[in-house]
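Numbering (my numbering), first residue to last: 306 to 479.
Structure record follows, encoded as structure tokens.
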Ligand code: PRP
Ligand code: ADE
């Protein structure tokens, strides 16, 4: 199965969650067993040999493929969550995304300097969410940080927010 078949199964929902947004809904991909397996295989092929020790998934849609990928590449999984959800001490960043403003948090003991981190989310739009996540992860001074999305809305140029040396991969592009 190729990327085009997976892309054809993404459901477009017009004017969600607000007018003017075309929401790229991946639930129609995840519910298909063959697509789910294929996504997992594609991500594993990219990241299996990079020495990644922690996959950091962004709430909530980064919690779907993130743990699946972590188990396949022998990494741990760390949740980065919306405010007030993590129970122990956290670092926080606020940010602007395609449809609003928000805050994300990570536990202060979630990562260490020896980690090689893969930051994962389902979709890159304006990049506000992932840039905040990237800045949070950099506070731990890890050995390396990779960034991954299932879907990239290229026309919004979210990847331009990141330093040039950050390796950003997305599987499906609009
Ligand atoms: C969506 C998506 C990304 C973010 C991308 O999450 O899963 O995290 O928006 O937008 P940006 O690139 O413009 O920042 P959302 O905040 O809707 O939360 P959810 O995953 O809990 O639905
Ligand atoms: N997150 C931000 N923009 C989005 C979009 N257009 N579709 C799905 N998730 C999103």
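All C-beta atoms in this analysis are idealised placements derived from N, C-alpha and C, irrespective of residue type, glycine included.
| Check | Outcome |
| --- | --- |
| Any heavy atom of the ligand ADE nearer than 5 Å to the CB - residues listed | 328, 329, 403, 428 and 430 |
| Cutoff 9 Å: residue 308 Cβ touching any chain C Cβ | Any reference to chain C falls outside this structure, which holds one protein chain only. |
| Beta-carbon proximity list for residue 337, same chain, < 7 Å, skipping 5 on both sides | 314 |
| Outcome for residue 460 when other beta-carbon atoms lying within 10 angstroms are tallied against a minimum of 16 | exposed |
| Residue 436 to residue 342 span [Cα, whole Å] | 28 Å |
| Counted within 10 angstroms of its Cβ, other Cβ atoms place residue 438 as buried (16 or more) or exposed | buried |
| Completely contained alpha helix (DSSP H) runs for the stretch 325-408, where each covers 4 or more residues | 332-335, 338-352 and 367-378 |
| Close beta carbons around residue 383, own chain, < 6 Å, minus the five adjacent residues each side | 359, 361 and 415 |
| Which listed residue (413, 471, 417 and 405) has its alpha carbon closest to that of residue 431 | 405 |
| Secondary structure of residue 317, DSSP reduced to three states | strand |
| Nearest-angstrom Cα separation, counted from residue 449 out to residue 423 | 8 Å |
| Euclidean distance between Cα positions of residue 429 and residue 392 | 27 Å |
| Coarse secondary structure for residue 449, derived from DSSP in three states | strand |
| Neighbour-count burial assignment, residue 321, 16 or more Cβ in a 10 Å radius | exposed |
| Among 352, 372, 367 and 310, the one whose alpha carbon lies nearest that of residue 387 | 367 |
| Contact belief for residue 331 with residue 348 at Cβ below 8 Å, rounded distance in angstroms | Not confirmed; about 14 Å, so no contact. |
| Beta-carbon proximity check, residue 453 vs residue 426, cutoff 9 Å | yes |
| Residue 315 beta carbon near the ligand PRP (any heavy atom closer than 8 Å) | no |
| C-beta atoms of residue 421 and residue 356 nearer than 9 Å | yes |
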